[in-house]
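This report concerns only the one structure given below.
Chains as they are written, first to last, in my numbering: chain A, 1131 to 1243; chain B, 7 to 117.
Dropping the structure here:
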């Protein structure tokens, strides 16, 4: 079964450093998303991306965050200057249509120290 | 922002028992989804509901999209140990791509 692949599975970074989280969505999908889940809490929407541009973003997705689809297969989330409160699981997801339930990756656990 | 109230927060049941959990909201959703999350993994889609009143089954799982479009429930029949995990409801508003998640129901099944 096709799956969304995320790397790395765990990243530890120092506060103030930049991190890039990587995702390979399912190959024929057109809609891409990033969500995050702080430990023990619910999953929260960050951003959606379609046709090479951001289509929707949450208030969490401020100027420190950016997304990119640098080639035909990867989808990245960059955090420019990490803060302690950025520590969370970050999930990438993709879908072939905007309305239907998407497929999530296994996540990247980001720990900011 | 939109809130989904999911209950119960946790459940402890014996293997073979049936389980029911639900989500309610003050907002009207166009789509309701139910996901299961195992520790250290991403949410896995169980059931998707697209029309008010829709009742959909997936094996031992049954979910319904409430008539008012403000609620949904998930039932699991004859629970087994591998049903253990956290179950999340998620709703999608009209005109939006984002999913709004509930806080989850943690299910423990005792053999």
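Just so you know, even glycine gets a beta-carbon here, dropped at the ideal spot from N, CA and C.
Just to confirm, are residue i and residue j a CB contact at a threshold of 8 Å?
i, j, result
"residue 1242 of chain A", "residue 1214 of chain A", "yes"
"residue 1223 of chain A", "residue 1235 of chain A", "yes"
"residue 1175 of chain A", "residue 39 of chain B", "no"
"residue 1220 of chain A", "residue 1231 of chain A", "no"
"residue 111 of chain B", "residue 43 of chain B", "no"
"residue 77 of chain B", "residue 28 of chain B", "yes"
"residue 86 of chain B", "residue 67 of chain B", "no"
"residue 103 of chain B", "residue 1185 of chain A", "yes"
"residue 37 of chain B", "residue 101 of chain B", "no"
"residue 1147 of chain A", "residue 1212 of chain A", "yes"
"residue 1173 of chain A", "residue 14 of chain B", "no"
"residue 1156 of chain A", "residue 1134 of chain A", "yes"
Starting from the beta carbon of residue i, find every residue of chain B whose beta carbon is closer than 9 Å, and list them in chain order.
i, result
"residue 1142 of chain A", "What residue 1142 of chain A touches in chain B: nothing, since even the nearest Cβ is about 16 Å away."
"residue 1196 of chain A", "Chain B residues near residue 1196 of chain A: none, gap ~18 Å exceeds 9 Å."
Taking the alpha-carbon of residue i as reference, which of the options has the nearest alpha-carbon?
i, options, result
"residue 113 of chain B", "B:45, B:101, B:34 and B:36", "B:45"
"residue 63 of chain B", "B:49, B:79 and B:48", "B:79"
"residue 1227 of chain A", "A:1194, A:1199, A:1181 and A:1146", "A:1181"
"residue 56 of chain B", "B:35, B:67, B:48 and B:47", "B:35"
"residue 1239 of chain A", "A:1230, A:1133, A:1165 and A:1199", "A:1165"
"residue 30 of chain B", "B:85, B:100 and B:72", "B:72"
"residue 8 of chain B", "B:25, B:59, B:108 and B:92", "B:108"
"residue 1163 of chain A", "A:1177, A:1169, A:1172 and A:1143", "A:1177"
"residue 1152 of chain A", "A:1204, A:1209, A:1211 and A:1210", "A:1204"
"residue 1149 of chain A", "A:1206, A:1233 and A:1225", "A:1206"
"residue 81 of chain B", "B:74, B:61 and B:100", "B:61"
"residue 1191 of chain A", "A:1209, A:1201 and A:1132", "A:1209"
"residue 69 of chain B", "B:94, B:48, B:116 and B:100", "B:94"
"residue 1225 of chain A", "A:1195, A:1167, A:1179 and A:1200", "A:1179"
Check the Cβ of residue i against every Cβ in chain A and list those closer than 7 Å, keeping chain order.
i, result
"residue 102 of chain B", "1186"
"residue 49 of chain B", "1173 and 1234"
"residue 39 of chain B", "1231"
In chain B, which residues lie with their C-beta within 8 Å of the C-beta of residue i?
i, result
"residue 1310 of chain A", "The structure shown does not extend to residue 1310 of chain A, since chain A is modelled only from 1131 through 1243, so no value can be given for it."
"residue 1221 of chain A", "48 and 49"
Assign residue i to one of three DSSP states: helix, strand, or coil.
i, result
"residue 88 of chain B", "helix"
"residue 1214 of chain A", "helix"
"residue 1135 of chain A", "strand"
"residue 1160 of chain A", "coil"
"residue 58 of chain B", "coil"
"residue 10 of chain B", "coil"
"residue 116 of chain B", "strand"
"residue 105 of chain B", "strand"
"residue 35 of chain B", "coil"
"residue 97 of chain B", "strand"
Find the residues of chain A that neighbour residue i, judging by a C-beta separation of less than 9 Å, and give them in chain order.
i, result
"residue 54 of chain B", "1230 and 1231"
Cβ closer than 8 Å: which chain D residues qualify as neighbours of residue i?
i, result
"residue 1237 of chain A", "Included in the structure are the protein chains A and B, with no chain D among them."
Applying a beta-carbon distance threshold of less than 7 Å, which residues of chain B neighbour residue i?
i, result
"residue 1178 of chain A", "103 and 104"
Using a threshold of 7 Å, is the CB atom of residue i nearer than that to any non-hydrogen atom of the ligand NAD?
i, result
"residue 1140 of chain A", "Judged by which ligands are present, the structure shown has none, so any question about the ligand NAD falls away."
*Interface positions of the region 58-71 of chain B facing chain A (Cβ-Cβ less than 8 Å), listed along the chain*: none
_Counting only Cβ-Cβ distances shorter than 8 Å, please list the residues of the region 1204-1218 of chain A near chain B, keeping chain order._
Under the 8 Å Cβ criterion, the region 1204-1218 of chain A contributes no residue.
*Taking a Cβ distance cut-off of 7 Å, strictly less, list which residues of the region 1145-1171 of chain A are near chain B, in chain order.*
1161
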